[in-house]
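A short write-up of the structure that comes next.
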Amino acid sequence: MQIQIAWRNIWRNPRRTMIMLTAMIIGIWSMIFLGGMMRGMMVGMINNGISTLTGDIQIHAKGYRDDPSIEYFMPDLKGIEKTINKILPRGSRYTSRIRVNAIAANARHSTGVTMVGIHPVKEPGVSFIGPGAVVHGRYLVPGNNNGILIGRAMAEKFGTKTGHKIILMSENIQHDIASKAFIIMGIFKAEMQSTEKHFVFVTSSSARHMLKLAKGASEISIILPHHKGDKKITWNLRQAIPDSYEIHTWQELLPILTSYLKMFDGFMYIWFLVIFIAMGFGIVNTTLMAVYERMKEFGLLKALGMRPWLIIRSVLLESFMLLVIGTAIGNCMGFLTIHFLSITGINLTSLSAGAEFAGLSRIIYPVLYPKDIIMANVVVIGLGLVVSLYPAVKAARFTPVEALSHE
Amino acid sequence: MLVCFLSTGLLNCRAGQQPATPAVPDAMLYRKPVTGDFLVKKSFYYMRGTASISTVEMIVHRPEWERHMTINAWTRGDKNSIFFITAPPKDNGNGTLKKGRGMWIFNPKINRTIKLPPSMMSQSWMGSDFSNNDLSKTDSLLKDYTHRIVRTETENSLKIYTIDSTPKPDAPVIWGKLQLEIRQDFILLKEVYYDEDSKPVKILTTGDIQMMGNRLFPVMWKMQKAESVESDDSVNSKDKYTLLIYKKIKFVPDLPERLFTLSNLKNPGKRR
């Protein structure tokens, strides 16, 4: 019976109720939508970070991370690979790379780049580069000793195309200047423009030849199946591989990204709270109005001997019903919006220069995390009930005399 | 205007007075058919000598400003050289040592020599239109290119050969092609740097050929960006150049090895 009374009470002033509901729906919709957007951005950032030559785990010689020059290379590549093979779970992939800073130049332009000597066959599963990323020309083949892949943005900046020359200059193992002419085999595209500008790829054999490195590589990058278990495997690797090597997870390799993700989490809850505070005042205000309107009624109920607790309960029940309807519709709208947006993605290409700065992808696919949905609903319903407590208590406190003399 | 000195018409006005110089044995020229390789090699060693000591004024000209510097230079063989700036006083003592493919610069203000990292090789030397690479890879012309004579002209009874120099396939050379103009007495008149689309990028012209240090030598060397470079440059490219004016040059048989060392670069007392 209580529920029925509450339901009827809600619709005694339909306009007010509708306004209230709209506020709630917009509130919860924006929480879910923004949550989905932010999670989408985060997932995009992580995927970008990992596929831009990071991988889940990396192995370097000690010292390379502080000074990424060729002198800190790993001579005993075979031995390490043997150890890795024993430890890594099935379905993992890894590859070794030679990675140094270099200067790329043609007749008119020159720029600093990261020269990456890759194993053309092993690389594609580990990072973004592979035959699929090449938009013009061809991908590298093993044994090719003067082919180079450059990014689309760099090709545009240099005004060059496949078949033309790029000269790379770097320091070789004897600290002399090494320079080598490469022919552009292909032009690759990447999620981020900065990747296209920053990286050039050659075969590891040609990189070794240029840097006068007989064997070895500067890093090993590992991708785990479903990106799971990186911490445990890193620990195992650290036990098995000698101390002259360093092993890091992507969280350690990309410290800025990691702290960014943490900040995002905090930011989201603050956002939830801000939306709620705005909504909360609305709830209190409306409920308070409804309560004062019905002052006589409450006074009468009191005079008839109704217990204050029951009055509180009936007011809370009204709020609760409003909240449930509001969140239900809001959730549905949120899901629908996210569903449609996740098909096409949110295209940020027009803002790509700014978005790049924050390390965002060009297209964001919103992602819903159950914990965010639960969080949003709990915040709204839970705190909604808490704030309605104030008008409810107010209603319960009316004395019959006061209420009946009220005009 | 200094530019007028550089027009080829004026080139021979003084050179004409010295048709037979000891450095140009005419007989050698005509003994066998002249090839591009021969001319370039001869010209390179003619211009550079086995060793030389020179004083050069460098003028970096830009539409808004101009900078004058005086440089003392020593060269030895095809790989070693050392230069010091002597004027303006602000830059006095700044030195560059080039040994093999390595380059070091010394700045007296910080009292430190710096080995030029690869990243600085394509930057300009002392703000001029010459890049560090232009200086450090001087012998690249002999090593990295194949030379072919494409045209022969005669001016004032001296033959001028136009030579196309194409980089060897694996040579670490950024240019698509060089075009050299070498006079029959091995004086380099012009060097045009082309990109891979065969558009000129930079042009080096020499002029005002005079008797200097026992041989005919161009006094003016001008490095200029080609006009068709980029739209924003094209307007001013005429007004942007670097001019080298040889005040003194002396060719000597040899110079002591100790001149071309880091300690000499650092220690200004020893070198004068």
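Here the protein sequences come in this chain order: A and B.
Take the position in the first sequence, starting the count at 1, then add 647; the result is the number in our numbering.
Take the position in the second sequence, starting the count at 1, then add 973; the result is the number in our numbering.
Note that beta-carbon positions come from the ideal geometry of N, C-alpha and C, so glycine has one too.
It should be emphasised that the depicted structure is a prediction, and the values quoted were computed from it without experimental measurement.
field: Within chain B, the residues that D823/A reaches when beta carbons sit closer than 9 Å
entry: Per Cβ cutoff of 9 Å: G1073, R1074 and G1075.
query: Can you pull the DSSP bridge partners for N1045/B?
result: As a beta-bridge residue in DSSP terms, N1045/B pairs with T1028/B and F1057/B.
- request: Show which residues of chain B have a CB atom less than 8 Å away from the CB atom of E818/A.
  value: The contacting residues are P1090 and P1091.
task: Indicate whether at least one CB of chain B lies closer than 8 Å to the CB of G759/A.
output: For G759/A, the nearest beta carbon of chain B is closer than 8 Å to its own beta carbon.
task: Could you pull the start and end residues of the beta strand (DSSP E) that E1128/B belongs to?
output: Counting along the chain, the beta strand (DSSP E) containing E1128/B begins and ends at Y1118 to E1128.
message: Three or more C-beta pairs under 8 Å: does that hold for the segment 697 to 705 of chain A against the segment 954 to 963 of chain A?
response: Taking 8 Å as the limit for Cβ pairs, the verdict is that the segment 954 to 963 of chain A does not touch the segment 697 to 705 of chain A.
message: Let me confirm a value: I650/A is counted as buried when at least 16 other C-beta atoms fall within 10 Å, else exposed. Which label applies?
response: Burial call: exposed.
- prompt: When you compare only the Cα positions, how much space is there between Y1012/A and M692/A?
  reply: Cα to Cα, Y1012/A sits roughly 11 Å from M692/A.
field: Where I1147/B meets chain A, residues with beta-carbon distance less than 7 Å
entry: Chain order gives the chain A residues near I1147/B as A752, N753, A754 and I814, where near means a beta carbon separation below 7 Å.
query: At a CB-CB cut-off below 8 Å, which residues of chain B make contact with A861/A?
result: Annotation: A861/A has no Cβ neighbours in chain B at a cutoff of 8 Å; minimum Cβ distance is about 20 Å.
task: Could you tell me whether any Cβ in chain B is nearer than 8 Å to the Cβ of N994/A?
output: So no, N994/A is outside the interface.
message: Please list, in chain order, the residues of the segment 769 to 801 of chain A that have any C-beta partner in chain B closer than 7 Å.
response: The segment 769 to 801 of chain A vs chain B, Cβ under 7 Å: N793.
Whether T699/A touches T842/A by CB criterion (8 Å): Yes, the Cβ-Cβ distance between T699/A and T842/A is below 8 Å.
- prompt: When DSSP builds the beta bridges, which residues end up paired with G973/A?
  reply: According to DSSP, G973/A bridges with nothing at all.
- prompt: Does any C-beta atom of chain E lie closer than 8 Å to the C-beta of S1138/B?
  reply: Among the protein chains in the structure shown, which are A and B, there is no chain E.
message: Taking DSSP's pairing of strands, which residues face Q1152/B in a bridge?
response: Paired residue(s): D1137/B and V1165/B.
Beta-carbon proximity list for K1220/B, same chain, < 7 Å, skipping 5 on both sides: Correct list, in chain order: T1028, V1029 and E1030.
field: Within-8 Å CB hit, Y1166/B to chain A
entry: Taking Cβ atoms only, chain A reaches closer than 8 Å to Y1166/B, which makes this a yes.
- prompt: Which residue spans inside the segment 682 to 752 of chain A form an unbroken alpha helix (DSSP H) run of at least 4?
  reply: Within the segment 682 to 752 of chain A, the complete alpha helix (DSSP H) runs of at least 4 residues fall at 724 to 734.
- prompt: M665/A to V1026/A, Cα distance in whole Å?
  reply: M665/A and V1026/A have their C-alpha atoms some 21 Å from each other.
message: On the CB-based measure, 16 or more other CB atoms within 10 Å of its CB, does V763/A come out buried or exposed?
response: Sixteen is the threshold: when 16 or more other Cβ atoms of the shown chains lie within 10 Å of the Cβ of V763/A, as they do, the residue is buried.
field: C-beta contact flag for Q1183/B and D1102/B at 8 Å
entry: Contact: no.
field: Residue of L1030/A, Y939/A and A937/A minimising C-alpha distance to L970/A
entry: If we check each option's Cα against that of L970/A, L1030/A comes out closest.
task: Mind checking the segment 1167 to 1180 of chain B against chain A and listing, in chain order, the residues whose C-beta falls within less than 8 Å of any C-beta there?
output: Of all residues in the segment 1167 to 1180 of chain B, Y1167, D1168, E1169 and V1174 have a Cβ within less than 8 Å of some Cβ in chain A.
task: Give a yes or no on contact between the segment 890 to 902 of chain A and the segment 743 to 759 of chain A, applying the rule of three or more CB pairs nearer than 8 Å.
output: No: the two stretches stay apart, fewer than three of their Cβ pairs being nearer than 8 Å.
field: Nearest residue (CA-CA) to K827/A, options G833/A, N819/A and F914/A
entry: The candidate whose alpha carbon is nearest that of K827/A is N819/A.
message: Per DSSP, what are the beta-bridge partners of L815/A in this structure?
response: DSSP lists A751/A and K827/A as partners of L815/A.
query: Can G759/A and V849/A be called in contact, C-beta distance under 8 Å?
result: Contact flag unset, no.
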